[in-house]
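Trainee: Here's a structure for you.
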Amino acid sequence: MVTGRTELEHVLTRLEMLLNDVWDQRPAGVAMSATAPLVSLGVDSLTLALLLDNVGREFHIDWTADTRLGGAISLRSLADLVLRRDGGPAAAAEA
């Protein structure tokens with residue numbers, strides 16, 4: 001099993017790929033940042049809903065039952081939620 005920083009990086013990479021899959025067109029001139037608020041990356045409410053649906057399927061998360069979504073304002077915070085749900089609080093707590 002891969003743990004620690006590598007696991008976080010893996011989840012962040014998958015989240016970025018899933019975001020790219022649901023974007024109709026990636027906003028021009030916006031640099032991808034794991035810690036930037038999703039809104040500042042150009043993620044609107046429909047894109048967020050599609051992203052969360054895909055994240056839920058990939059990571060087997062029922063957002064209504066398993067996780068509080070209030071903290072998911074960036075790809076990093078979304079990755080932290082995924083890792084905590086999968087029992088990786090040490091990895092989720094890494095900076």
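Count the sequence shown with full-length UniProt numbering and you get residues 1 to 95, in order. Beta carbons: idealized from backbone N, C-alpha and C, even for Gly. Model, not experiment: these values are computed from the prediction.
How many angstroms separate the CA atom of Ala65 from the CA atom of Ser40?
Mentor: Cα-Cα distance, rounded: 28 Å.
Trainee: Which word fits Arg57, buried or exposed, when buried means at least 16 other C-beta atoms lie within 10 angstroms of its C-beta?
Mentor: By the 10 Å Cβ count, Arg57 comes out exposed.
Trainee: DSSP three-state call for Ser74: helix, strand or coil?
Mentor: The answer is strand: DSSP assigns Ser74 an E or B state.
Trainee: Since I believe Leu18 is in contact with Thr54 (beta carbons under 8 Å), could you give me their beta-carbon distance rounded to a whole number of angstroms?
Mentor: Here residue 54 is Asn; the residue named in the question, Thr, does not match the sequence. Indeed, because the Cβ distance is near 5 Å, the residues count as touching under 8 Å.
Trainee: Going by DSSP, what residues sit across from Pro37 in a beta bridge?
Mentor: Pro37 pairs with Ser74.
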